[in-house]
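So the sequence lines, in the order shown, correspond to chains A and B.
Going by our numbering, the letters in the first sequence line up with residues 95 to 555, in that order.
Going by our numbering, the letters in the second sequence line up with residues 602 to 713, in that order.
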Amino acid sequence: MKKILSASSLTTLGAISLLAQAPPAAPPTVADLVPKIAAAQSAGDNAWMLASCALVLLMTGPGLALFYGGLVRKKNVLGTMMQSFILMVIATIMWALFGYSLSFGDGNAFVGDMRFALMNGVGMEPNTDYAATIPHLTWMAFQMMFAIITPALITGAFAERMKFSAMVLFTILWSLLIYYPMAHMVWGKGGMLNAFLGGTVPCLDFAGGTVVHITSGVSALICAVVMGKRLGYPKESMRPHSLVLSFIGACLLWFGWFGFNAGSALAANGLASSAFVATHFGAAAAALGWILAEWFQHGKPSILGGISGCVAGLVAITPASGFVKPMPALIIGFAAGIVCYFAVVKVKAMFGYDDSLDAFGIHGIGGTLGAILTGVFATKEVNALKDAAGNAINTGWVDGNSGQVVNQLIGVAISWGIAIVGSFVILKIVDVVVGLRVTSEQETMGLDLSMHGEEGYNLEA
Amino acid sequence: MKKIEAIIQPFKLEEVKEALKAIGIDGMTVTEVRGHGRQKGHKEVYRGQEYQVDLLPKMKVEMVVPDSRSEEVISALSTAARTGKIGDGKIFVYEVAEAIRIRNDERGESAL
């Protein structure tokens, strides 16, 4: 998922600098120009990456907070938004103290070490292992935004019934035991699944199909099963209290996702544009897929279906966005819209678990589908795997490397395994320490009043 | 004195107000309510989950009028609120024992 400045852009920049600085005296030498060119490249890349950092944060707050907040009953709107917001606080502080280091310190094949703890050695100079043209701080911040949104995605599964203290403890342990190791394995230097930095099983995951969406989505399923259903589910009406909020949230997610995926190019380059286009195509095709499926099945195309589909498509295109061409992005998106629709509408009803806001149906299933299809459609024309000598080799099945699908399946299986076992253990620990669920009185009253002592809508005030 | 209570379709409120104004009825109390009679509600589907929504939004219009005017008011109300379709609502008429104007303790029909 990383690209360093290309030779052609060097030459172009060099030529421009030469023209712009027509010398009054002796012409500048190449040696004079090299640092200036590097500085120009760094300025461009860093501008885009800082914007991308902010875009990804926007996905959690207010994007996800609004998307989920609108889907719950109005007595739980603040409690649900708080679950996203508190991660912007806690995940950030954990990341600063040790999370970044455990994810991206060299460590071993499974987890990082403590070399970057307390931001030690994380400064304005680039970390050339990860992103050679932007400050190490920018790379750290970009990755931090992923560590924030990933646990926030899970909150959709246990919405409307988890104690706030339990949610906080769960997400702290979840980040430690699941997110940091997964991020290290797939993206960290020497991680076992890292396709570019010495992994033994090169799994392609451009922006987080396995690390973000499978881990969060599958953990969400475990949460829904272990915590049990909401009181009254599915007999009582649990209609979303404001699809208007959800609509705004979903559109902010779509917007922010350009930072998530195109930002994962780690530079303002052609690969970023490629990922940007794939992301957008995937989202649109998935929204169409879900809308059509629903239209045929229920006779009406719904706005909730449209926004659910677009999120499913964004999830599925995430691992593929930096490896596939635009037309496969449409296919991946459309498939995600249809498959996630059936996961949410049919599979959930068949098994009867209360994944309240469909974090599993959308992120778990969409992420899995996307990770597998990445192996199918990845091509060296977009972003190539390299052999030991650094030459581009066939990347996905469309290039003739069918083995990549197997590597993807291994990555998927490891992500599912870690998420299932890890989440189950963490939930049991949290249950013993603070108890998972609110009391039935508190649940009936709503999380806003019972957990936070405030209400979302004081219209008579 | 009679209290006339009409449950009507929300979109008919303006017409009803106009009709009452036209026959000189100035005072009324309007409340947003929800309910259903024979009109069945509708189905809503959210991600495949179906909900039967049977309490529909209605407007409740209440006024107290002299006995002599009650039929006239009822007829103006029902004409204005009628679409002829199921769900148009109902009118209920009650006897009122007393009316008191809080400002000056005036009583009876002159307090209306």
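Using N, Cα and C, we set each Cβ at its ideal position, and we do this for glycine too.
Because the structure is a prediction, the values reported are computed rather than measured.
Checklist entry - Cβ of Gly636 (chain B) less than 8 Å from any chain A Cβ? => result Interface flag for Gly636 (chain B) against chain A is unset, since no Cβ pair is found closer than 8 Å.
Next on the checklist: Going by C-alpha to C-alpha distance, which of B:His643, B:Arg683, B:Glu663 and B:Arg670 sits closest to Leu657 (chain B)?
Outcome noted: When each option's Cα is compared against that of Leu657 (chain B), the closest is B:His643.
Next on the checklist: Between B:Leu678, B:Asp668, B:Lys661 and B:Glu672, which has its C-alpha nearest Glu633 (chain B)'s C-alpha?
Outcome noted: B:Lys661
Checklist entry - Quick one: what's got a C-beta closer than 7 Å to Asp139 (chain A)'s C-beta in the same chain, skipping five residues either side? => result Thr227, Ile228, Ala361 and Ala362
Next on the checklist: Once DSSP output is grouped into helix, strand and coil, what is the label at Pro334 (chain A)?
Outcome noted: coil
Item to check | Rounded straight-line distance, which links the Cα of Tyr327 (chain A) to that of Ala483 (chain A) | outcome: 58 Å
Checklist entry - Which whole-angstrom value describes the C-beta separation of Ala380 (chain A) and Phe417 (chain A), a residue pair presumed to lie in contact below a C-beta threshold of 8 Å? => result In fact, because the Cβ distance is near 18 Å, the residues do not count as touching under 8 Å.
Checklist entry - Alpha carbon to alpha carbon, how far is Gly157 (chain A) from Ala277 (chain A)? => result Roughly 23 Å separates the two Cα atoms.
Item to check | Reduced DSSP category for Gln653 (chain B) - H, G, I as helix; E, B as strand; rest coil | outcome: DSSP places Gln653 (chain B) in strand when its eight states are reduced to three.
Item to check | DSSP three-state assignment for Glu444 (chain A), whether helix, strand or coil | outcome: Inspection of the sequence shows that residue 444 (chain A) is occupied by Met rather than by Glu. Helix, per DSSP.
Checklist entry - Closest to Gly163 (chain A) by CA distance: which of A:Lys440, A:Asp542 and A:Glu219 is it? => result A:Asp542
Item to check | Any 3 or more C-beta pairs closer than 8 Å across the region 503 to 517 of chain A and the region 294 to 301 of chain A | outcome: yes
Next on the checklist: Quick check: is the beta carbon of Glu645 (chain B) nearer than 8 Å to any beta carbon in chain A?
Outcome noted: yes
Checklist entry - When every heavy atom of the ligand PLP is checked, does at least one fall within less than 7 Å of the C-beta of Val526 (chain A)? => result Judged by which ligands are present, the structure shown has none, so any question about the ligand PLP falls away.
Next on the checklist: For the structure I just gave you, are there three or more beta carbon pairs, one from the region 309 to 325 of chain A and one from the region 265 to 285 of chain A, closer than 8 Å?
Outcome noted: yes
Checklist entry - Taking Cβ to Cβ, would you say Gln498 (chain A) is nearer than 8 Å to Ala465 (chain A)? => result In this structure, Ala465 (chain A) does not lie closer than 8 Å to Gln498 (chain A) by Cβ.
Checklist entry - Gly625 (chain B) to Glu619 (chain B), Cα distance in whole Å? => result 10 Å
Item to check | Residue closest to Ile456 (chain A), alpha-carbon to alpha-carbon, out of A:Ala314, A:Glu219, A:Ile180 and A:Met238 | outcome: A:Ala314
Checklist entry - Taking a cut of 9 Å between CB atoms, which residues from the region 331 to 363 of chain A lie near chain B? => result Ser331, Met332, Arg333, Pro334 and Leu337
Next on the checklist: Classify Phe349 (chain A): buried if its beta carbon has 16 or more other beta carbons within 10 angstroms, exposed otherwise.
Outcome noted: exposed
Checklist entry - Would you say Ala443 (chain A) reaches chain C, if we count a Cβ-Cβ gap shorter than 8 Å as a contact? => result Looking for chain C here will not work: the only protein chains present are A and B.
Next on the checklist: With a threshold of 8 Å between beta-carbons, can Gly688 (chain B) be considered close to chain A, or not?
Outcome noted: no
Item to check | Where Lys659 (chain B) falls, given that 16 or more other Cβ within 10 Å makes a residue buried | outcome: Under this definition Lys659 (chain B) is a buried residue.
Checklist entry - Relative to the alpha-carbon of Gly638 (chain B), which residue among B:Pro667, B:Gly709, B:Lys622 and B:Gln610 has its alpha-carbon at the smallest distance? => result Among B:Pro667, B:Gly709, B:Lys622 and B:Gln610, the Cα nearest to that of Gly638 (chain B) belongs to B:Gln610.
Next on the checklist: What would DSSP say about Arg704 (chain B), mapped onto helix, strand or coil?
Outcome noted: coil
Next on the checklist: Using only CA atoms, which one of A:Ala430, A:Ser269 and A:Thr186 lies nearest to Thr462 (chain A)?
Outcome noted: A:Ala430
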